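> If you scroll down you'll find the structure; I have some questions about it.
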Amino acid sequence: MILRQAWRMLARDWRAGELGVLAAALAVAVASVTSVAFFADRVSRALVRDAHQLLGADLVLVSDHPWSPAIAEEIPRRGLAAARAMSFVSMVFAGESSHLAGVKAVSENYPLRGRLRIAPAPGAPDAPAEGGPRRGTVWIEERLVSALDAPVGSRLRLGEATFEVAAVLTLEPERGANFFNIAPRLFMHIEDVASTGLIRTGSRVWYTLYAAGPRAQVDAFEAWARQRLERGQRVDNLESGRPEVRAAIERAERFLGLTALLAAILAGVAISLATRRFVERHLDGCAVMRCLGATQRRLLALYGTEFVLLGAIAAAVGCLAGVAAQGAIAAALAEMLRAELPPPAALPAVQGFLVGLVLLLGFALPPLVQLKNVPALRVMRREAGRPKGGALAVYGAGLAALAGLLFWQAGDAKLGAIVVLGFGAAVAAFTAIAWALLRLLASGAVARRVAALAAMRSGPAASALRYGLANLRRHARANAAQVASLALGLTVLLLLTFTRNDLVDAWRRSAPPDAPNRFVIGVQPDQLEAVKRHFAEHGIGAPEFYPMVRGRLVAVNGRPVSESDFEGERARRLVEREFNLSYVERLPSHNAIAAGRWFAPSSPGHPRELSVEEGIAKTLGWQLGDELTFRVGADAFSARITSLRRLRWDSMKVNFFVIAPPALLAEFPASHIAAFRIEPGGEKALDALVARFPNVTVVDVAAAVRQAQAVVDQVIVAVQVVFLFALGAGLLVLYSALAATEDERRREAALMRVCGASRAQVTGIQRVEFLAMGLLAGLLATGGAAAIGQLLARRVFELDLPPSPWLLVAGPLAGLALLAFNAWISARKVLAAAPAATLRDSV
Amino acid sequence: MDATQTIAKTRTLLRARGIGKTVKSGAEDLVILRDISLDVSAGEAVAIVGASGSGKSTLLAILAGLDTPTAGTVELDGADLFALDEDARAVLRGRAIGFVFQSFQLLPALTALENVMLPLELAGRGDAEREARAMLARVGLAARLGHYPKHLSGGEQQRVALARAFVVRPKLLLADEPTGSLDTESGATVIELLFELNRGYGTTLVMVTHDEALASRCARIVRLAAGRIVG
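Right, dumping it as C-alpha cells:
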C-alpha cells in the first residue's frame, strides 16, 4: 500500500516538475560511473589483449633448453593456437663483412598476436607482414643491412647455410624496451635452423612457445604449465615489456576514474541541493498530511519509497546512457583497439546502479528525514518547523557513503581519498570564507562607508547598493551556502576547461611529436667527441650522451643475491640480467626525485651513493639506505641508495634504473648512449655514422614512439566523452544552487513592490546581491581550481603543470557573468508576476 | 426527534478542562490561554469568537491536538489527546477530525481530485478516487477535478478544502477563519456549503472567527478575551 501511494506521489511530484533536477543529477552520476566502469572493464581488457600483441601471443613460455613434447603438444591439444621460436646470437657473413646478429627462428604462423612489419628497402614505407620469413630467406634489421652492406636480394651466410635477404625488418612488436642488450635482429624460418649446424650441445639458445586463444583456456593452460616449469623455464608477462605504453594507459584510467568520481560527487551535491528545495517546498504539504492523520513513520516511509523509486528509475536511465556512452568511447578507440572489443559485462551496470542508490541515500536522505519532523501546527502557524541542519552534516553523510563505496570497490584508494577529502575540505573552506567575506562586506566599517557614499548620491543606484548589501548581511548564512555551492560548480567547470586542457597538453608533451626516435649505442669514450662532431656537422643537433657501465648485482646489504631470492618473475629476470649503470653529476631533466636526495654536488673522494628508479626498487624490495654491490668485469663496487627517482618512461628518452655519481664509476670501462630525433630523409647521416664507426649501433624506435603517441591520442578522445558527464553534473549543481533561494527571493521582491519599490529598485537590489555573490564565488572557484589542479598534476598524474594565467581571469569573470545572467532571468520572473499572485502562492 | 437522536445530541464529543498555554517571550512568560473549560456535544455547532490575539486560534490548535497546552486536558470522543504521542494523535485526527483553514492548505503539486483523495489514501482506503469525485461533485467542482490549486479561485480552493475535510466523514470539523481569505460573495457560498455539509453528515463543528454574523449562525458562541472565556 505504501508502495502504491509512494508511486502515485512520485508521479504527482514528477508532473509538478519537482523532481527533474534530482533525476537528472542521479542519471548523470550513474551514466558517468557506468560508462567509465564499462571502459575500465572492456577497454582495459582489450588493452591487455593489445599488449599481448606486443608479446606476440596471449602467453609466452621461454626456456633455456628445448621444451618437452608434453608441454609443446598440450597447447594444440587444448584447442589453442601454437607457434614456436628459437633465439640465439651468431655471426652473419656477407661477402667480406661480418656482424653479430640476434637470430630469431620462427615457425610460419609467428606471431600469433600482432604483426611484424617489413619494408623492401631501408627507409622505404613499411607494411605488416603475413607470418614470418619463408624457408631459405631471412629478414634483417636496417642496421644489419648497413653493417653488412646486404640489401634486399643479396645473400648472406649463417653457419653452414646461405639465405636470401627478402625484406628489411622495421618492427618486431615483441621486442620491448630492452633493445640495448640485443644485437641487430635477423629473422629466419625455424625449419632452416638445422641446416646451419649452429645449434650444438652447450649453445646458448632460448626456446620459446607461444599460445593464443580464448581467455579462459589460456588461463587454464597457464596454470597447468606453471606447475610443470623446470629450472631455466619461465612464463613471460606483460609488465616488463612496454613500460611507456603501460604508463599512458594507467594515466588514462586515472583520468577517467577521477572524472567519473568528480561527476558522481557533483551529482551528489546537486542531489542534496535539489532535495533541500524539495523539502522546503513540501513542508506545508507534510504538515497538512500530519494534520490529516499521517504518522511520522508513514511520512518517512512514503517519501523514502518515493525517492528510492525515483532513484531506481533514474539509475536505470543512467545505466542506459552509460551503455550508449561506452559505445561512443569504443567507437572513438576503434582504431587503437583494432580488433573487436570484448562484449560489455553486466557488472559495470550493477556498479553504476549501486553508486546511484548510494548517492541518493547519502545525499538526499538526511534532508528528507527532516520532512517527518514537521509539526502539524505549521498548517496554522507558518513559522513553525523550519528545517534545520547544516550543509556540512548533509555533505558529510553523502561523502561518507561515497567514500565507503570507493573503498568497497577498491579501485584507487589514494585517488579516492584525495578527491573525497579534498572535496570535503573545499566545501568547508568555501562556506567559511564566503560567510566571513559576506559578513565583512556588509557589516561594520564597510557598510557604514557604503551607506555614507550612498547617502551622498541619492537615486535608485545608491539605495540598491545599500539594500543589496544589507540583504547580503541579513542572509549571510544562506548566501554563504549558496556561494559555496556555486563556487563548487564553478570550480569543476574551471577544472574541466582550463586545467583539463593543461593536463592533456602536459600529457601530450610527455610523449611529444618531437620525441627522440633513434638511439645510438656503443659509442666508445675515445669516439665520443668525433661522434658529437658528426652529429653537429649533419645537423642532427647535440643529444645528451650518457655513459653506460654494465654490471651484475651480486649483493644487497652484504648478502649475496641470486634469482631464487626473489618471488616475482620480473624481479628474477631483472636480477639475472646485467644492469645498465650510468653516472651523471646532475639529475637528468626528465627524472624527478621521489624520495631521499640527489648526490651532493662534487663530493670529495668516492661518494658511495646510488640513485635508483622507484619502480625497480619496489620490485626488488630495495629501500633508501640499502647497500648494493655490483660486479663490473673483474672488479666490484658497493654503494648505498640515497635517492629514489621517478622516471618518465613515455618520454622516450634515455632512462637508467641505477645512476651513480661520476667519481664512483668513472674508472670502469663505459660506452655511451644517446637518444635523438631524425626527421624522415635524414637517415643518410646515420649510414655515414655507422660506416665511420662500425662498432656504433643506431636503433630505430620510431614505431614504438608512434605506438605510444597513438595510445595517448586516442585515450584522450575517450576521456573527453566522460568529461561531458562531469560538465553536465557541474551545470546541474549551478542550476540547483541558483534555484535554491529563488522562491524566497521572489517573495521578498513581491513584498518590496507592495511597499512601493519600483521595478528598477527591486532589480537593482538583486543585481548588487547577485554580482557580489558571483564575484565571490568566482574568486573562490579560481583558487579552488588552481589548487586542485596542482594537487592532481603533481600527486596523481605526475606531471609538471604551471597554472594557466587565463584561469585567474576567467574564474572571477565566469562567476560574475553567471550571476549577472541569473539576476536578469530572476528579475524577469519576479517582475512578470503581479506581487499579489506571488504573495498568495507563498502564503 | 426520536430517542436515538436525542441521546446522540447529548453525548459530549469534545471535552476541554482547565486549558492553559504560556510561552516564554524574552524574560517574561506570556499567558495566551488560562483555565479554559469547554464541552462540545456531538452534532453541536460552536463558534469561538474574539479579537485578534485573544487566543482563539491557539485554542483551536490545542483542541485539534496540533499544539500542546501547558495545563489542562482535552478529551476527544473519550480519548485523552495529550496522553497520546504525536503519532497516535495524528492517527486519531485522520480518523475523527476534518480541518478547514483560512489559507486553504491545499498541496500545490496535487490536482483538486488528488487533494481530496489524500486523506483517504493516507487511511489506506481503496475507494479513494470514487469517494473524492463524489465529494467534489457535491461541492460543485465536478468540472474542475484535474485543476491545480493555482488555477482555482480562492472560493474554489476553499470548496476543495471543504471536500477534503468532509470526505473522511469526520466526527468533528475544525474551521479556522474559513472565510478569512475570501471576498464577501465567495465567502458566503463557502459558508452555505459548510453548514449544509455539516447538517448533512451530522458533524460536530467548532469554528474560529471574528465575524459576528458568521458566528451567529452557530448554536453556541464562546467569547474569548485575553485568553479567558468571557461569555
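Protein chains in written order, with our numbering: chain V, 3 to 845; chain Z, -9 to 221.
Glycine residues also receive a C-beta, built at the ideal position from the N, C-alpha and C atoms.
Being a predicted model, the structure only gives us computed values, none of them experimental.
If we cut at 9 angstroms on Cβ distances, does I315/V have a partner in chain Z?
Residue numbering aside, residue 315/V sits at position 313 when the first sequence is read from its first letter. Judged by the 9 angstroms Cβ criterion, I315/V is not in contact with chain Z.
> Less than 8 angstroms between the CB atoms is what I'm expecting for P168/Z and Q95/Z, so what's the real figure, rounded?
Residue numbering aside, residue 168/Z sits at position 178 when the second sequence is read from its first letter. Residue numbering aside, residue 95/Z sits at position 105 when the second sequence is read from its first letter. No, P168/Z and Q95/Z are not in contact; Cβ-Cβ is about 12 angstroms, not under 8 angstroms.
> State the Cα-Cα distance for the pair G780/V and A774/V, rounded to the nearest angstrom.
Position 778 of the first sequence, counting from 1, holds the residue named residue 780/V. Position 772 of the first sequence, counting from 1, holds the residue named residue 774/V. Distance between the alpha carbons of G780/V and A774/V is about 10 angstroms.
> Rounded to a whole number of angstroms, what is the C-alpha to C-alpha distance between R134/Z and E104/Z?
Position 144 of the second sequence, counted from the start, is the residue given in the question as residue 134/Z. Position 114 of the second sequence, counted from the start, is the residue given in the question as residue 104/Z. Each residue's alpha carbon lies about 11 angstroms from the other.
> Who are the near neighbours of R210/Z in its chain, counting only those whose CB is closer than 8 angstroms to its CB and skipping five residues on each side?
Working through the second sequence from its first residue, we reach residue 210/Z at position 220. Excluding residues within five positions, the ones whose Cβ falls inside 8 angstroms are E34, A35, V36, A37.
> Measuring CA to CA, which of G400/V, P377/V, P814/V is closest to F365/V?
Position 363 of the first sequence holds residue 365/V. Closest option to F365/V, Cα to Cα, is G400/V.
> Output needed for M190/V: all residues of its chain with C-beta closer than 7 angstroms, excluding positions within five of it in sequence on either side, in chain order.
Taking the first sequence and counting its residues from 1, one reaches residue 190/V at position 188. Excluding residues within five positions, the ones whose Cβ falls inside 7 angstroms are V105, A107, P135, V140, F165.
> Within 9 angstroms of any Cβ in chain V, is that where the Cβ of E104/Z sits?
What you label residue 104/Z is simply residue 114 of the second sequence in a count that begins at 1. Yes, its Cβ sits closer than 9 angstroms to a Cβ of chain V.
> Between the Cα of A380/V and the Cα atoms of A403/V, E282/V, V371/V, which residue gives the shortest distance?
Numbered from 1 along the first sequence, position 378 holds the residue referred to as residue 380/V. For the record, residue 380/V in the displayed sequence is Arg; it is not Ala. Among A403/V, E282/V, V371/V, the Cα nearest to that of R380/V belongs to E282/V.
> Please state whether DSSP places Q372/V in a helix, a strand or coil.
By one-based count along the first sequence, residue 372/V stands at place 370. If DSSP states are grouped into helix, strand and coil, Q372/V belongs with the helices.
> Buried or exposed: E75/V, going by 16 or more other Cβ atoms within 10 Å of its Cβ?
On the first sequence, position 73 is the one that residue 75/V refers to. Counting Cβ neighbours within 10 Å, E75/V comes out exposed, since fewer than 16 surround it.
> Could you list which residues in chain Z have their beta carbon closer than 7 angstroms to that of T297/V, in chain order?
Residue 297/V sits at position 295 when you count from the first residue of the first sequence. The contacting residues are D77, A80, V81.
> Counting beta carbon pairs with one atom in the segment 109 to 128 of chain V and one in the segment 57 to 72 of chain V, are three or more of them shorter than 8 angstroms?
Touching, per the Cβ criterion.
> Just to confirm the assignment, what range does the beta strand (DSSP E) spanning R648/V have?
Here residue 648/V is taken as the residue at index 646 of the first sequence, counted from 1. 637 to 649 is the extent of the beta strand (DSSP E) around R648/V.
> Among the candidates I181/Z, L20/Z, D70/Z, whose CA atom is the shortest distance from the CA of A153/Z?
Position 163 of the second sequence holds residue 153/Z. Measuring from the Cα of A153/Z, the nearest candidate turns out to be I181/Z.
> Give me whichever residues DSSP pairs with N582/V in a beta bridge.
For the purposes of this step, residue 582/V is taken as the residue at position 580 of the first sequence. Its beta-bridge partners are R552/V.
> Examine the Cβ distances between the segment 515 to 526 of chain V and the segment 580 to 598 of chain V and report whether three or more of them are shorter than 8 angstroms.
Counting Cβ pairs under 8 angstroms, fewer than three are found: no touch.
> With H, G and I counted as helix, E and B as strand and the rest as coil, what does DSSP make of V290/V?
Residue numbering aside, residue 290/V sits at position 288 when the first sequence is read from its first letter. The answer is helix: DSSP assigns V290/V an H, G or I state.
> Can you round the beta-carbon distance between E110/V and G133/V to whole angstroms, since I take them to be within the 8 angstroms contact cut?
As a first step, residue 110/V is located in the first sequence; it is residue number 108 there, counting from the start. As a first step, residue 133/V is located in the first sequence; it is residue number 131 there, counting from the start. Indeed, because the Cβ distance is near 5 angstroms, the residues count as touching under 8 angstroms.
> May I ask which residues mark the beginning and end of the alpha helix (DSSP H) holding L211/V?
Mapped onto the first sequence, residue 211/V falls at position 209. No alpha helix (DSSP H) holds L211/V; the beta strand (DSSP E) holding it covers 208 to 214.
> Rounded to whole angstroms, what is the Cα-Cα separation between R228/V and Q235/V?
Locating residue 228/V in the first sequence gives position 226, where the first residue counts as 1. Locating residue 235/V in the first sequence gives position 233, where the first residue counts as 1. Near 9 angstroms, if we compare the C-alpha coordinates of Q235/V and R228/V.
> What residue range does the alpha helix (DSSP H) around W141/V cover?
For the purposes of this step, residue 141/V is identified with residue 139 of the first sequence, where counting begins at 1. Note, W141/V: premise wrong, no alpha helix (DSSP H); beta strand (DSSP E) at 139 to 143.
> Following the continuous alpha helix (DSSP H) through I77/V, name the residue where it begins and the one where it ends.
As a position in the first sequence, residue 77/V is number 75, starting the count at 1. Its alpha helix (DSSP H) spans residues 71 to 79.
> Cβ atoms of L583/V and I661/V: under 9 angstroms apart, would you say?
Along the first sequence, one-based indexing puts residue 661/V at 659. Along the first sequence, one-based indexing puts residue 583/V at 581. Yes, these two residues count as a Cβ contact at 9 angstroms.
> Cβ of F67/Z less than 9 angstroms from any chain V Cβ?
Counting from one through the second sequence, the residue named residue 67/Z turns up at place 77. In the sequence as displayed, the identity of residue 67/Z is Asp instead of Phe. For D67/Z, the answer is no, since every Cβ of chain V falls outside 9 angstroms of its Cβ.
> Buried or exposed: where does N188/Z fall if 16 or more other Cβ atoms within 10 Å of its Cβ makes it buried?
Residue mapping note: residue 188/Z aligns to position 198 of the second sequence, counting from 1. Classification for N188/Z: buried.
> Reducing DSSP to helix, strand and coil, say where R749/V ends up.
Stepping through the first sequence from its first residue, residue 749/V is reached at position 747. In the structure shown, R749/V sits in a helix (DSSP, three-state: H, G or I).
> So with Cβ pairs under 9 angstroms, would you call R210/Z a contact of chain V?
Locating residue 210/Z in the second sequence gives position 220, counting from the first residue. No, no contact with chain V.
> At 8 angstroms on the CB atoms, spell out the chain V contacts of R85/Z, in chain order.
The residue you call residue 85/Z lines up with position 95 of the second sequence. Within chain V, the residues near R85/Z are G295.
> By Cβ distance below 8 angstroms, which residues in the same chain neighbour P122/V in space, the five residues on each side in sequence not counted?
As a first step, residue 122/V is located in the first sequence; it is residue number 120 there, counting from the start. V154, A169, V170, listed in sequence order.
> Given R5/Z, which residues of its chain have a CB within under 6 angstroms of its CB, disregarding the five upstream and five downstream residues?
Within the second sequence, the letter at position 15 stands for residue 5/Z. Here the set comprises D29, E65.
> Could you compute how far the alpha carbon of R123/Z sits from the alpha carbon of A155/Z?
To locate residue 123/Z, count along the second sequence from 1; it is residue 133. To locate residue 155/Z, count along the second sequence from 1; it is residue 165. Their backbone Cα atoms lie some 14 angstroms apart in a straight line.
> Taking the straight line between their C-alpha atoms, what separation do you get for A163/V and T699/V?
Stepping through the first sequence from its first residue, residue 163/V is reached at position 161. Stepping through the first sequence from its first residue, residue 699/V is reached at position 697. One C-alpha to the other measures close to 26 angstroms.
> Across which residues does DSSP place A107/V in a beta bridge pair?
As a working mapping, residue 107/V is identified with position 105 in the first sequence. Partner(s): M88/V, M190/V.
> Please state whether DSSP places A179/V in a helix, a strand or coil.
Locating residue 179/V in the first sequence gives position 177, counting from the first residue. The predicted model places A179/V with a pLDDT of 40, which falls under 50 and marks its position as unreliable; any figure quoted below should be read in that light. Note: A179/V maps to coil in three-state DSSP.
> If we ignore side chains and look at the alpha-carbon of each, how far apart do E111/Z and V376/V end up?
Taking the second sequence and counting its residues from 1, one reaches residue 111/Z at position 121. Taking the first sequence and counting its residues from 1, one reaches residue 376/V at position 374. Roughly 20 angstroms separates the two Cα atoms.
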